[in-house]
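The block underneath contains the structure these notes are about, expressed in structure tokens.
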Amino acid sequence: MLIGPQNLAENLARVRSRIAAAAHAAGRHEDSVTLIAVTKAQPPDTVRAARALGLEDFGENYPQEALAKIEALGTGAARWHFIGQVQSNKTRPIATHFAWVHSLERLAIARRLNEQRPFHGPPLNVCLQVKLADEPAKAGVAPEELQQLADAVAALPRLKLRGLMCIPPALLDEAQQRGHFRRLRELLEGLRAAGHDVDCLSMGMSADYELAIAEGATHVRVGTALFGPRPASTQ
Ligand SMILES: *Cc1c(COP(=O)(O)O)cnc(C)c1O
Numbered sequence: 024m025l026i027g028p029q030n031l032a033e034n035l036a037r038v039r040s041r042i043a044a045a046a047h048a049a050g051r052h053e054d055s056v057t058l059i060a061v062t063k064a065q066p067p068d069t070v071r072a073a074r075a076l077g078l079e080d081f082g083e084n085y086p087q088e089a090l091a092k093i094e095a096l097g098t099g100a101a102r103w104h105f106i107g108q109v110q111s112n113k114t115r116p117i118a119t120h121f122a123w124v125h126s127l128e129r130l131a132i133a134r135r136l137n138e139q140r141p142f143h144g145p146p147l148n149v150c151l152q153v154k155l156a157d158e159p160a161k162a163g164v165a166p167e168e169l170q171q172l173a174d175a176v177a178a179l180p181r182l183k184l185r186g187l188m189c190i191p192p193a194l195l196d197e198a199q200q201r202g203h204f205r206r207l208r209e210l211l212e213g214l215r216a217a218g219h220d221v222d223c224l225s226m227g228m229s230a231d232y233e234l235a236i237a238e239g240a241t242h243v244r245v246g247t248a249l250f251g252p253r254p255a256s257t258q
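In structure tokens, the structure reads:
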């Protein structure tokens, strides 16, 4: 589904003002929250329009789809965040073209990204995706294994461990959603107490980014609230 520039500008203004209100209510500055515009299933023109409105951070789930848009905007025109499941045979384009990976959950993948990250340029920023609920089909490292993975990833020189990411199960009520976000914040605090230099919480999507900000989100990943519903064939 395509969105007009007028609607996009209005949606962006609404999302930004809600982010600011949620941040202020939590005693935080709105600049402490980075809005990542999730552009999966959106065409390059929509990404260009979003960039022209001042958005600088874009989230994509599929490397091939992302590359077309990264090329369309031009190298260096935006910061690209990989937020989808990383397949081991698709690590190279991610290591080459993205500034961040939010969805790291396995050491084998981390090692490949570390090897493939180009030496010119900065390390790849990574968040570890944590599975907070017992959902067999969902991605993420179990909380009990988080510390070990964090230690191993932090030792990789071409990656920079920045924090944690989660996707709470759908259909939770507000208190349950908030509980998940709080739990992720506590896990981050645990890593800090163990000596890790981490400060990012990538949590909150269109339906729940205000709750996530109340619990300390530093990066919210918002698609539908900016661009409208995606075609049914994509998740
Ligand atoms: C698609 C997606 C989003 C954005 O979801 P919306 O509900 O459209 O805001 C955020 N995070 C991840 C990991 C996604 O896959």
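All the letters of the sequence shown, read from the start, carry residue numbers 24 to 258 under the working numbering.
We treat Cβ as the ideally placed atom computed from N, Cα and C, and that holds for glycine.
DSSP has residue i in a bridge; who is on the other side?
| i | result |
| --- | --- |
| G82 | V61 and H104 |
| S225 | M188 and H242 |
| L147 | L182 |
| V38 | Partner(s): none; V38 has no beta bridge. |
| Q152 | M188 |
| L172 | L172 pairs with nothing; no bridge assigned. |
| H127 | Reading the sequence as shown, one finds Leu at residue 127 and not His. The partner list for L127 (beta bridge, DSSP) reads L151. |
| V164 | V153 |
Do residue j and residue i count as a contact pair if the criterion is CB distance below 8 Å?
| i | j | result |
| --- | --- | --- |
| M228 | H125 | no |
| P86 | I117 | yes |
| M123 | H143 | According to the sequence displayed, residue 123 carries Trp and not Met. Going by C-beta atoms, W123 is not nearer than 8 Å to H143. |
| F81 | A101 | yes |
| E233 | R205 | no |
| A160 | K154 | no |
| Q139 | T114 | yes |
| L78 | H120 | no |
On the premise that residue j lies in contact with residue i, defined as a C-beta separation below 8 Å, what is that separation, rounded to the nearest angstrom?
| i | j | result |
| --- | --- | --- |
| L127 | Q152 | 6 Å |
| I236 | V245 | Actually they do not touch by this definition, with Cβ atoms about 11 Å apart. |
| R181 | N137 | 5 Å |
| L207 | L179 | Not quite, the Cβ-Cβ distance comes to about 22 Å (not below 8 Å), so this is no contact. |
| P192 | A156 | 5 Å |
Express the C-alpha separation of residue j and residue i in angstroms, rounding to a whole number.
| i | j | result |
| --- | --- | --- |
| A240 | R253 | 24 Å |
| L190 | Q200 | Note that residue 190 is Ile in the sequence shown here, rather than Leu. Cα to Cα, I190 sits roughly 10 Å from Q200. |
| G202 | C150 | 20 Å |
| I106 | I132 | 14 Å |
| V56 | D174 | 26 Å |
| N30 | L194 | 27 Å |
| R74 | E94 | 14 Å |
| L210 | R129 | 17 Å |
| Q171 | V164 | 10 Å |
| S40 | V61 | 18 Å |
| K183 | G27 | 37 Å |
| N148 | E197 | 30 Å |
| L35 | A230 | 15 Å |
| V38 | E168 | 35 Å |
| G213 | A44 | 28 Å |
| I42 | G50 | 12 Å |
| H52 | V176 | 30 Å |
| Q258 | N84 | Per-residue confidence for Q258 stands at a pLDDT of 49, beneath the threshold of 50, marking its modelled position as unreliable; no derived number is given. |
| A32 | A72 | 9 Å |
Using C-beta distances below 6 Å, list every residue in its chain close to residue i, excluding the 5 sequence neighbours before and after it, in chain order.
| i | result |
| --- | --- |
| K92 | P67 and V70 |
| H47 | none |
| F250 | I26 and Q65 |
Looking only at its chain, what residues have a beta carbon closer than 7 Å to the beta carbon of residue i, apart from the 5 residues adjacent to it on each side?
| i | result |
| --- | --- |
| R135 | S111 and T114 |
| H219 | A173, A177 and L184 |
| L96 | V70, R71 and R74 |
Is it the case that the CB of residue i approaches a heavy atom of ligand 2 more closely than 7 Å?
| i | result |
| --- | --- |
| I106 | In terms of ligand content, the structure shown lacks ligand 2 and carries ligand 1 instead. |
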